[in-house]
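Chemist: In this text, residue positions in the sequence shown follow numbering that gives the first Met the number 0: the first is 0, and each later residue adds one.
The C-beta atom is built at its ideal place from N, Cα and C for all residues, glycine as well.
Note that the structure is a prediction, hence the values are computed from the model and not measured.
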Amino acid sequence: MNGSIMDYFADNATVGTWSDFYEQLAWDTDLLLYDEDNDVYWHDIEEDGYGQSQRKSFSRQGYINEYSVVAGLNLNHKLYLGVSLGIIDAYYKESTELREWDEQNNIQYFNELQFDTYLRTNGTGYNGKLGVIYKPVNEVRLGVSIATPTFFNMSDVFETTMHSSVTYEDGSETYKKVSPYSEYDYDLETPLKATLSGALVFANKGLLSIDYEFNNFGSARLRRGGDGYNFIDENNDIADVFRSTGNLRIGGELMATDNVSFRAGFEHYPSPYNSQALGANQPNADAKLNVFSAGLGYRTGGFFFDVAYRYSKENYFDSLYPAPPTDFYQKPEMAEFENIKNNVVFTLGFKF
C-alpha cells in the first residue's frame, strides 16, 4: 500500500484540524510525530515508504419502527382519501476496526496500529402522510401521495480507540488510548417525499402497478444541536453532496386460479449523490440499487399463505479511511463493492 490512515491524521494536524477522537489518539500512542524545524506532523510509515498490510472490518445493525394512526374516506367508490400520522422509533449502531501492520518488517519503528470507532444513535420522530386514489373506471387506479419530512430528535454516542505497537532502540512498547465518551443531541429533518402511482386491474385475473417516488435528498437538514450549534456548514455540504432522485417500483399479480396467484416486481433506486461536490468527483454518483422479486400466494376461506423471493444488487465504492485534506499525501485507493442479498419471506395467516 502507498497510503495509511496516518496520512489523514498527520495532514489534519499540520493544517490545524486537531480532534480528541483522531489526531490526539495517534499522538498519545506515539504514531503521530512532529517536525519542529518544518512545523509539520509526520509518521514513521511514510518515512520508510509504506508497504504495510491493511484490513478494515465493520458491523452495522439497526431498525426503524413506525406506528401509525390512519383514517380514510370513500366518496362514491370513485375517490378515496387517506391520511395518517406516524410515530417513528429508530436505532442504529456501527463499529469499525482498521488494522495496519508491518508484516514484512520493512518499517523501522512501526509495528502495528488498530483504530476502532463506535457509534450508537437513538431517535424518535413524527411525520404525516396524505394520499388520494381516483378510479375513473373499474380497471384503472390513479394515485398521488405526499409524505411530510420526518422530524427526528436524535441522540448520538461516539468514541474511538487507538492501539499501537512501536519498536524503539531499547525494545518494543504497546499503547492503548481511548477518546472522551461523547454524547450529543440534535434534530434531524428528512426530505419530503411525493409519489405518483397507477394500476391496471384485469377483472379476476390480476393487476399491474407502477409507482414513481420523488426525493430531494439535498433538502435534509440538521438542526438545534444540544450545545446550541446551528449546523450551517454541514447543511450547506448536504445540499452540495446530495441531489434529487426518482425511485421506480413496478409490480404485477396474476391469478392462476381462484385460490392461487403469482407475483413479480422490480425496484430501481438511483444514487442520491451529485457527480461533483465539495470540489471533487464523487465516486458513488453512478451507484444504484436494483431489486427483483417473485412470489406465490394461496387463499382459501379464512386462511392465506404467501412466499416471496427477493434479490437485490448494489454496487458502490468506498475507501479504508477519509482522504487527507491537502494534496501533500495521496488519496486512498477506492475499492468497488458489490452487495448482493437473497431473501425468502414466508407469511401464514388466518382470518376470523
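Report all residues from its chain with a CB closer than 7 Å to the CB of residue 347; omit the five preceding and five following residues, and keep chain order.
Modeler: Counting from one through the sequence shown, the residue named residue 347 turns up at place 348. 304, listed in sequence order.
Chemist: Let's see if you can read the secondary structure: which residues bound the beta strand (DSSP E) around residue 254?
Modeler: Along the sequence shown, one-based indexing puts residue 254 at 255. Segment 243-254, the beta strand (DSSP E) holding residue 254.
Chemist: Buried or exposed: which applies to residue 86, given that a residue is buried once 16 or more other Cβ atoms fall within 10 Å of its Cβ?
Modeler: Taking the first residue of the sequence shown as 1, we reach residue 86 at position 87. Looking at its Cβ environment, which holds fewer than 16 other Cβ atoms inside 10 Å, residue 86 is exposed.
Chemist: Please classify residue 53: does DSSP put it in a helix, a strand, or coil?
Modeler: For the purposes of this step, residue 53 is identified with residue 54 of the sequence shown, where counting begins at 1. In the structure shown, residue 53 sits in a strand (DSSP, three-state: E or B).
Chemist: Could you pull out every residue in the same chain whose Cβ sits closer than 7 Å to the Cβ of residue 331, ignoring the five residues on either side in sequence?
Modeler: Mapped onto the sequence shown, residue 331 falls at position 332. Cβ within range, chain order: 2, 318, 319, 320, 322.
Chemist: Who does residue 5 pair with in a DSSP beta bridge?
Modeler: Residue numbering aside, residue 5 sits at position 6 when the sequence shown is read from its first letter. Beta-bridge pairing links residue 5 to no other residue.
Chemist: Could you name each continuous beta strand (DSSP E) segment of 3 residues or more that falls completely within the region 38-103, going from the start of the chain to the end?
Modeler: With a minimum length of 3 residues, the continuous beta strand (DSSP E) runs that stay inside the region 38-103 are 39-41, 52-74, 78-100.
Chemist: Measuring only the C-alpha atoms, how far is residue 247 from residue 269?
Modeler: Working through the sequence shown from its first residue, we reach residue 247 at position 248. Working through the sequence shown from its first residue, we reach residue 269 at position 270. Between residue 247 and residue 269, the C-alpha separation is close to 9 Å.
Chemist: What first and last residue would you give for the alpha helix (DSSP H) that runs through residue 24?
Modeler: For the purposes of this step, residue 24 is taken as residue 25 along the sequence shown, with counting starting at 1. Looking at the DSSP string, the run of the alpha helix (DSSP H) that includes residue 24 is 22-27.
Chemist: Let me know if residue 36 comes out buried or exposed under the rule of 16 or more other beta-carbons within 10 Å of its beta-carbon.
Modeler: Here residue 36 refers to the residue found at position 37 of the sequence shown. Classification of residue 36: exposed, given that the 10 Å Cβ count is below 16.
Chemist: Give the single residue among 239, 135, 51 whose Cα lies nearest to the Cα of residue 278.
Modeler: Looking up residue 278 in the sequence shown gives position 279. If we check each option's Cα against that of residue 278, 239 comes out closest.
Chemist: For residue 118, I'd like the list of residues in its chain whose CB is within less than 6 Å of its CB, leaving aside the five on either flank, ordered along the chain.
Modeler: Position 119 of the sequence shown, counted from the start, is the residue given in the question as residue 118. Cβ within range, chain order: 93, 157.
Chemist: Only counting runs of 4 or more residues, tell me where the alpha helix (DSSP H) segments fall wholly within the region 177-256, in order along the chain.
Modeler: Those alpha helix (DSSP H) runs which fall completely within the region 177-256 and span 4+ residues are 231-240.
Chemist: Give me the Cα-Cα distance between residue 266 and residue 41, rounded to the nearest whole angstrom.
Modeler: On the sequence shown, position 267 is the one that residue 266 refers to. On the sequence shown, position 42 is the one that residue 41 refers to. Using only the alpha carbons, I get a separation of about 48 Å.
Chemist: Looking at the unbroken beta strand (DSSP E) that takes in residue 299, where does it start and where does it end?
Modeler: In the sequence shown, counting from the first residue as 1, residue 299 sits at position 300. Looking at the DSSP string, the run of the beta strand (DSSP E) that includes residue 299 is 287-299.
Chemist: Could you pull the start and end residues of the beta strand (DSSP E) that residue 161 belongs to?
Modeler: Numbered from 1 along the sequence shown, position 162 holds the residue referred to as residue 161. From DSSP, the beta strand (DSSP E) with residue 161 extends over 150-167.
Chemist: Out of curiosity, what's the CA-to-CA distance linking residue 66 and residue 122?
Modeler: Numbered from its first residue, the sequence shown carries residue 66 at position 67. Numbered from its first residue, the sequence shown carries residue 122 at position 123. Near 14 Å, if we compare the C-alpha coordinates of residue 122 and residue 66.
Chemist: Indicate whether residue 99 and residue 53 have their beta-carbon atoms separated by less than 7 Å.
Modeler: Residue numbering aside, residue 99 sits at position 100 when the sequence shown is read from its first letter. Residue numbering aside, residue 53 sits at position 54 when the sequence shown is read from its first letter. Yes, Cβ-Cβ distance for residue 99 and residue 53 is below 7 Å.
Chemist: In or out: residue 135 buried (at least 16 other Cβ within 10 Å) or exposed?
Modeler: As a first step, residue 135 is located in the sequence shown; it is residue number 136 there, counting from the start. Residue 135 is exposed by the Cβ-count criterion.
Chemist: What separation, rounded to the nearest whole angstrom, lies between the Cα atoms of residue 91 and residue 175?
Modeler: Along the sequence shown, one-based indexing puts residue 91 at 92. Along the sequence shown, one-based indexing puts residue 175 at 176. Distance between the alpha carbons of residue 91 and residue 175: 26 Å.
Chemist: Which partner residues of residue 129 appear in the DSSP bridge assignment?
Modeler: Looking up residue 129 in the sequence shown gives position 130. Beta-bridge pairing links residue 129 to 82, 145.
Chemist: Give me the Cα-Cα distance between residue 209 and residue 55, rounded to the nearest whole angstrom.
Modeler: As a position in the sequence shown, residue 209 is number 210, starting the count at 1. As a position in the sequence shown, residue 55 is number 56, starting the count at 1. Cα to Cα, the separation comes out at about 40 Å.
Chemist: For the beta strand (DSSP E) containing residue 271, name the first residue and the last one.
Modeler: One-based indexing of the sequence shown puts residue 271 at position 272. Careful: residue 271 lies outside any beta strand (DSSP E) and carries neither H nor E.
Chemist: Got a sec? Which residues, its chain only, sit under 6 Å from residue 259 by beta carbon, not counting five neighbours each side?
Modeler: As a first step, residue 259 must be located in the sequence shown, where it is residue number 260. Excluding residues within five positions, the ones whose Cβ falls inside 6 Å are 297.
Chemist: Should residue 59 go down as buried or exposed, given a rule of 16 or more other Cβ atoms within 10 Å for buried?
Modeler: To locate residue 59, count along the sequence shown from 1; it is residue 60. With fewer than 16 Cβ atoms within 10 Å of its Cβ, residue 59 is classed as exposed.
Chemist: Give every residue of the same chain whose Cβ lies closer than 6 Å to the Cβ of residue 72, excluding the five residues on either side of it in the sequence, and list them in chain order.
Modeler: The sequence position of residue 72 within the sequence shown is 73, counting from 1. Taken in chain order, the residues that qualify are 80.
Chemist: Looking at the structure shown, is residue 10 part of a helix, part of a strand, or coil, going by DSSP?
Modeler: Counted from its first residue, the sequence shown places residue 10 at position 11. It is helical.
Chemist: So which of 231, 324, 285, 302 has the shortest CA-CA distance to residue 316?
Modeler: The count along the sequence shown starts at 1 and reaches residue 316 at position 317. Ranking the options by Cα distance to residue 316, first place goes to 285.
Chemist: If we call anything under 7 Å between Cβ atoms a contact, is residue 217 one with residue 141?
Modeler: Along the sequence shown, one-based indexing puts residue 217 at 218. Along the sequence shown, one-based indexing puts residue 141 at 142. For residue 217 and residue 141, no; Cβs fall outside 7 Å.
Chemist: Where does residue 319 fall in DSSP's three states?
Modeler: As a working note, residue 319 is residue 320 in the sequence shown. Of the three classes helix, strand and coil, the one that applies to residue 319 here is coil, per DSSP.
Chemist: DSSP beta-bridge partners for residue 113?
Modeler: For the purposes of this step, residue 113 is identified with residue 114 of the sequence shown, where counting begins at 1. Per DSSP, 98, 162.
Chemist: Classify residue 173: buried if its beta carbon has 16 or more other beta carbons within 10 angstroms, exposed otherwise.
Modeler: Sequence index remark: in the sequence shown, residue 173 carries index 174 (1-based). Answer is exposed; the Cβ neighbour count stays below 16.
Chemist: Whose C-beta lies closer than 8 Å to the C-beta of residue 57 among residues of the same chain, with five residues either side of it excluded?
Modeler: Translated into the one-based positions of the sequence shown, residue 57 becomes position 58. The residues are 93, 94, 95, 96.
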